[in-house]
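Per the working numbering, the very first residue in the sequence shown carries number 7; after that it's consecutive. For every residue, glycine included, the Cβ atom is placed at its ideal position computed from N, Cα and C. Given the structure is predicted, the values throughout are model-derived calculations rather than measurements. Reviewing the structure listed below.
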Amino acid sequence: MSKYEEYRKMYPNFYYHGFDLSDNENDLFITYHFEIEHLMKFNPTLKVPKIKKVNYDKGLLNKIIFSAGLAEIASYWKATCSPNIIIKGGFLNNEQKKWLKKLIFNGLGEFFYVNKINPSYEDFVTVSCNSKEDLVEDNGNYEGYLVAVGGGKDSITSLQILKDITNKKAFIINNRKICFDSAEIAGINEKDIINVERLFDKNIIELNNKGFLNGHTPLSSCIAFISYLTAYVNGIKYIVLSNESSANEASVKGTNINHQYSKSLEFEDDFRYYTKEFLSPKIEYFSLLRPLSELQIMKIFTKYPKYFKHFISCNNGGKRKNIGKTDGWCCTCSKCLFIYIIMSNFVDQETMVDIFGENLLDKKEMLNYFLELLGKKDTKPFECVGTVKEVLYVVNNLASKLENPPYLIKYYKENYEVTLEDEKMLDIIDSKNNVPEDLLKLLIKELLG
Numbered sequence: 007m008s009k010y011e012e013y014r015k016m017y018p019n020f021y022y023h024g025f026d027l028s029d030n031e032n033d034l035f036i037t038y039h040f041e042i043e044h045l046m047k048f049n050p051t052l053k054v055p056k057i058k059k060v061n062y063d064k065g066l067l068n069k070i071i072f073s074a075g076l077a078e079i080a081s082y083w084k085a086t087c088s089p090n091i092i093i094k095g096g097f098l099n100n101e102q103k104k105w106l107k108k109l110i111f112n113g114l115g116e117f118f119y120v121n122k123i124n125p126s127y128e129d130f131v132t133v134s135c136n137s138k139e140d141l142v143e144d145n146g147n148y149e150g151y152l153v154a155v156g157g158g159k160d161s162i163t164s165l166q167i168l169k170d171i172t173n174k175k176a177f178i179i180n181n182r183k184i185c186f187d188s189a190e191i192a193g194i195n196e197k198d199i200i201n202v203e204r205l206f207d208k209n210i211i212e213l214n215n216k217g218f219l220n221g222h223t224p225l226s227s228c229i230a231f232i233s234y235l236t237a238y239v240n241g242i243k244y245i246v247l248s249n250e251s252s253a254n255e256a257s258v259k260g261t262n263i264n265h266q267y268s269k270s271l272e273f274e275d276d277f278r279y280y281t282k283e284f285l286s287p288k289i290e291y292f293s294l295l296r297p298l299s300e301l302q303i304m305k306i307f308t309k310y311p312k313y314f315k316h317f318i319s320c321n322n323g324g325k326r327k328n329i330g331k332t333d334g335w336c337c338t339c340s341k342c343l344f345i346y347i348i349m350s351n352f353v354d355q356e357t358m359v360d361i362f363g364e365n366l367l368d369k370k371e372m373l374n375y376f377l378e379l380l381g382k383k384d385t386k387p388f389e390c391v392g393t394v395k396e397v398l399y400v401v402n403n404l405a406s407k408l409e410n411p412p413y414l415i416k417y418y419k420e421n422y423e424v425t426l427e428d429e430k431m432l433d434i435i436d437s438k439n440n441v442p443e444d445l446l447k448l449l450i451k452e453l454l455g
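Now the structure itself:
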């Protein structure tokens, strides 16, 4: 019997009991209550600042907080993959149950793949709820923009596209210094930064250490709901994410398994539907960069060298501002290599080495990541990286231009045919997006200008 089957039999029930809320003048403090029956309880928390006085409806607030808890379920449920999720703390109709089931199944696609689990969509979980529906109506007024800032090139590019837009706030989670730095350089005043504190329950680490199931979860779905909650209590109309069209590509060839599922257009459309149908139609969630590829975003980003020493797109190197550590590039992961490759299409190697501290294209130990990024393996790296086509475009360009190519580019030239791609791919705008027309014009101007 596999661990998956064993744990499902031993721990058949996962409970979402609800949440406690402390709502004061300056912030919301939320404690969620989850439980794997007969094993462990979990109490992750959220602290959401309120930076202006808003007369919001308490009933709708509770529905939004409850919904944000739905996205947190996967992080704890995955330890045992209990066949029953029992919702006690709020109401879900049949359509909402299906929505949650899809999020967990697709959001844990990488988790299932890595753990060699092949679940049936119909049978992997049953969501039940016996609570009564509490009907609410949103009579609030909203204005302005909440721009999610993660410290990487993407959110910085969004800030640059929106540089002339007034009434915008930066949305940051957990005090990352690099986020504050990039927001400050983009001209966002400290009073216009909303920093949310999200703390997961470390009991899940205890289970991980004991050998319970573990793996990647759809964190961006949590961020979506937290940003929505933040917008609601601060009276903000537009929530601006910076997910790109490249996030739609599967990580495993011939499947729908996608490390970036909760950054994909499919999730974005589902989230927009959920919030408009079951919460409020007045708050708009969208990704400003959805019409662009990673390569196009880098084209815009590299027009602004002032950010070169103030961005990090490495999950290993990022540290938190409030513990006094600095951010940096680890220079050993696939994400670092990907950023180094596509940035090299627009920036000379001397500058690249100055940014990263070394030439990642000259590291033999990066070869496997390099081949994965090129699509020469069955899977792309399970990281937030661009499409195979984009990487091939840049690598072919570098192979044809560099006179003394570093190790990885030399390896490519010796083992594969160098063919130049169509330059027009840098100008193509993906029409499948939810960007408001006025902002789409600003984006196109920035790309083609």
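Would you grab the beta carbon distance between residue i and residue j for me? Rounded to a whole angstrom, and I think it's under 8 Å.
| i | j | result |
| --- | --- | --- |
| LEU380 | VAL400 | Not really, about 10 Å apart at Cβ, beyond 8 Å. |
| TYR22 | ILE93 | 5 Å |
| PHE25 | GLY75 | 6 Å |
| SER134 | VAL155 | Not confirmed; about 38 Å, so no contact. |
| LYS56 | ASP33 | 6 Å |
| ASN365 | LEU301 | With 8 Å as the limit, ASN365 and LEU301 do not qualify as a contact, their Cβ atoms being about 20 Å apart. |
| ILE303 | LYS159 | 6 Å |
| ALA50 | PHE206 | The sequence shown places Pro at residue 50, rather than the Ala named in the question. At roughly 5 Å, the Cβ-Cβ gap stays under 8 Å, so PRO50 and PHE206 are in contact. |
Select from the options the residue whose C-alpha is nearest the C-alpha of residue i.
| i | options | result |
| --- | --- | --- |
| THR86 | PHE20, ASN30, ARG296 and ASN124 | PHE20 |
| TRP83 | PHE117, ASN68, GLN102 and LEU66 | PHE117 |
| ILE36 | GLU12, LEU67 and GLU43 | LEU67 |
| LYS208 | SER437, TYR422 and MET46 | MET46 |
| ASP436 | VAL424, GLU423, ILE450 and ASN30 | ILE450 |
| LEU373 | CYS228, ASN124 and ASN421 | ASN421 |
| THR393 | ILE345, LYS407, PHE352 and GLU364 | ILE345 |
| GLN102 | LEU448, PHE284, LYS315 and LEU446 | PHE284 |
| ILE191 | SER161, LYS216, LEU109 and GLU290 | SER161 |
| LEU445 | VAL246, ASP198 and VAL353 | VAL246 |
| ILE229 | GLU272, SER81, ALA77 and GLU149 | ALA77 |
| LYS64 | LEU235, ARG182, TYR127 and PRO50 | LEU235 |
| ASP129 | LYS104, TYR119, LYS395 and ASN147 | LYS104 |
| HIS265 | PHE314, ASN49 and GLY113 | GLY113 |
| TYR375 | TYR418, PHE48, HIS44 and LYS107 | TYR418 |
| LYS369 | GLY334, LEU408, ASP354 and ILE415 | ILE415 |
Is the beta carbon of residue i sitting closer than 8 Å to the one on residue j?
| i | j | result |
| --- | --- | --- |
| LEU298 | GLU250 | yes |
| LYS174 | VAL153 | yes |
| ILE184 | GLY157 | yes |
| CYS339 | PHE362 | no |
| ILE200 | ASN240 | yes |
| VAL115 | ILE263 | Note that residue 115 corresponds to Gly in the displayed sequence, not to Val. Yes. Within cutoff. |
| TYR280 | PRO224 | no |
| THR308 | SER248 | no |
| TYR244 | TYR151 | yes |
| SER226 | LYS288 | no |
| ARG278 | ILE232 | no |
| LEU4 | ASN121 | In this structure the chain extends from 7 to 455, so residue 4 is not present and cannot be described. |
| ILE42 | SER88 | yes |
| ASN100 | THR132 | no |
| ASN410 | VAL424 | no |
| TYR62 | TYR238 | yes |
Can you tell me the Cα-Cα spacing of residue i and residue j, whole angstroms?
| i | j | result |
| --- | --- | --- |
| LEU426 | GLU356 | 23 Å |
| LYS341 | LEU377 | 13 Å |
| LEU453 | ASP433 | 8 Å |
| HIS39 | ILE242 | 28 Å |
| ASP276 | ASN440 | 12 Å |
| LYS305 | SER252 | 14 Å |
| ILE347 | LEU367 | 8 Å |
| GLU429 | GLY455 | 16 Å |
| ILE178 | ASN195 | 13 Å |
| MET413 | LEU343 | Sequence check: residue 413 is Tyr here, not Met. Rounded to the nearest angstrom, the two C-alpha atoms are 13 Å apart. |
| VAL54 | MET431 | 41 Å |
| ASN328 | LYS312 | No answer about ASN328 holds up, because its pLDDT of 36 lies below 50 and its placement is not dependable. |
| VAL359 | LYS447 | 35 Å |
| LEU27 | SER8 | 39 Å |
| ASP198 | SER286 | 24 Å |
| GLU31 | GLU443 | 36 Å |
| TYR310 | SER126 | 48 Å |
| ILE318 | ARG182 | 11 Å |
| SER406 | ALA176 | 41 Å |
| LYS383 | LEU271 | 25 Å |
| GLU335 | ASN321 | Looking at the sequence itself, residue 335 is Trp, so the reference to Glu does not match. One C-alpha to the other measures close to 9 Å. |
| GLY217 | SER81 | 15 Å |
| LYS325 | ILE70 | Low per-residue confidence applies at LYS325: pLDDT is 42, beneath 50, and the placement is therefore not dependable, though the value from the model is reported in the following sentence. C-alpha separation (whole angstroms): 29 Å. |
| THR261 | LYS108 | 16 Å |
| GLU2 | GLU11 | In the structure as shown, the chain starts at 7 and stops at 455, and residue 2 therefore has no counterpart that could be examined. |
Return yes when at least one heavy atom of the ligand GDP lies under 7 Å from the C-beta of residue i, else no.
| i | result |
| --- | --- |
| ASP436 | For the structure depicted, the ligand GDP is absent and the ligand set is empty, with no information on it obtainable. |
Report task. Decide if the region 253–269 is in contact with the region 382–390; the criterion is three or more beta carbon pairs, one per stretch, under 8 Å apart. Result -> yes
Query - At least 3 beta-carbon pairs within less than 8 Å: the region 95–112 vs the region 134–150 - result: Yes: at least three Cβ pairs fall under 8 Å.
Query raised in the report: Can at least three beta-carbon pairs, one atom from the region 160–179 and one from the region 292–312, be found at a separation below 8 Å?
Result: Yes, the region 160–179 touches the region 292–312.
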